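Residue numbers (the UniProt record's numbering): 1 to 270.
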């Protein structure tokens, strides 16, 4: 691990975030989570009149639907911010005309993407903290949170987000497209990752797909520690499952990324 490169990327991206993006971008991301929570609140209170089916408790081990949705929505906000910005870092270099210079520099992919990930984690954490205070009037109750289990689950979930971002980055760089690929993926993840309802409600084939996406289990880990108070020892199997699946994503992502970089450079020169 070359810390000099990691710190350099960290400083560069922090300066970019601070100077290039206005406060409206920060507020916009907070409103995204708020709108999701508001939609769920209106459906729960007005459409379903505060009633839940019996199988919801059997699948989630909680009757706190608003807490379930709020934690899921805030986790999804983390998914979008980290996966989106890490995955499109190289195609941004391509569009800004700096990809060739980056390839000629002492460029190390692990440090480069980790630097991007750290910046997004820092900025998104601030947004999440503010969103937590906004969500309290809608019924968020974290009195049962297991802090040690939550911290471990948080870092395991970040590892899962990083793995998915590598695959998405390959697609973006190869197709030279961000909007269609990212919006399609995030809509799919919102549907199958159990953000607002248990994945068991999905058709069988979609449920199988969800099991092979590490984000699905990552969301469950966050919920189990934040709402149900589960500890590290209760979630060891889930930790191992997310770690192994995310590692496969990362290995495949870094392997394919090199070929996508070559294809992108060929298109520039061709």
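Just so it is clear, CB atoms sit at the ideal spot from N, CA and C, and this is done for glycine as well. These figures come from a predicted structure and were not determined experimentally.
Rounded C-alpha distance that separates residue i from residue j
i, j, result
"residue 175", "residue 91", "10 Å"
"residue 98", "residue 254", "20 Å"
"residue 67", "residue 244", "29 Å"
"residue 186", "residue 206", "15 Å"
"residue 146", "residue 125", "19 Å"
"residue 41", "residue 137", "11 Å"
"residue 177", "residue 72", "28 Å"
"residue 155", "residue 222", "10 Å"
"residue 46", "residue 144", "27 Å"
"residue 142", "residue 209", "30 Å"
"residue 55", "residue 31", "31 Å"
"residue 219", "residue 37", "16 Å"
"residue 225", "residue 231", "7 Å"
"residue 27", "residue 179", "21 Å"
"residue 227", "residue 69", "11 Å"
First through last residue of the alpha helix (DSSP H) which encompasses residue i
i, result
"residue 151", "147-175"
"residue 214", "214-226"
"residue 81", "65-87"
"residue 127", "109-135"
"residue 54", "54-60"
"residue 313", "With the chain covering 1 to 270 only, the question about residue 313 has no answer from this structure."
Reduced DSSP category for residue i - H, G, I as helix; E, B as strand; rest coil
i, result
"residue 193", "coil"
"residue 266", "helix"
"residue 202", "coil"
"residue 230", "coil"
"residue 49", "coil"
"residue 140", "coil"
"residue 16", "helix"
"residue 97", "coil"
Sequence-distant residues of the same chain with beta carbon closer than 8 Å to residue i, five excluded per side
i, result
"residue 271", "The question about residue 271 has no answer here: the residues shown for the chain are numbered 1 through 270."
"residue 57", "63"
"residue 52", "63 and 65"
Proximal residues to residue i (C-beta, below 7 Å), its chain only, five neighbours per side dropped
i, result
"residue 17", "119 and 123"
"residue 165", "82, 83, 86 and 87"
"residue 260", "170, 173 and 174"
"residue 139", "66 and 67"
Beta-carbon proximity check, residue i vs residue j, cutoff 8 Å
i, j, result
"residue 181", "residue 202", "no"
"residue 237", "residue 214", "no"
"residue 163", "residue 246", "yes"
"residue 216", "residue 196", "no"
"residue 149", "residue 235", "yes"
"residue 80", "residue 160", "no"
"residue 76", "residue 190", "yes"
"residue 158", "residue 264", "no"
Contacts around residue i, its chain only, beta-carbon distance under 6 Å, and the 5 residues preceding and following it disregarded
i, result
"residue 112", "9"
"residue 115", "6, 9 and 10"
"residue 256", "170"
"residue 193", "215, 216 and 219"
"residue 110", "none"
Cβ of residue i within 8 Å of any chain D Cβ
i, result
"residue 103", "Within the model displayed, chain D is absent; a lone protein chain is all it includes."
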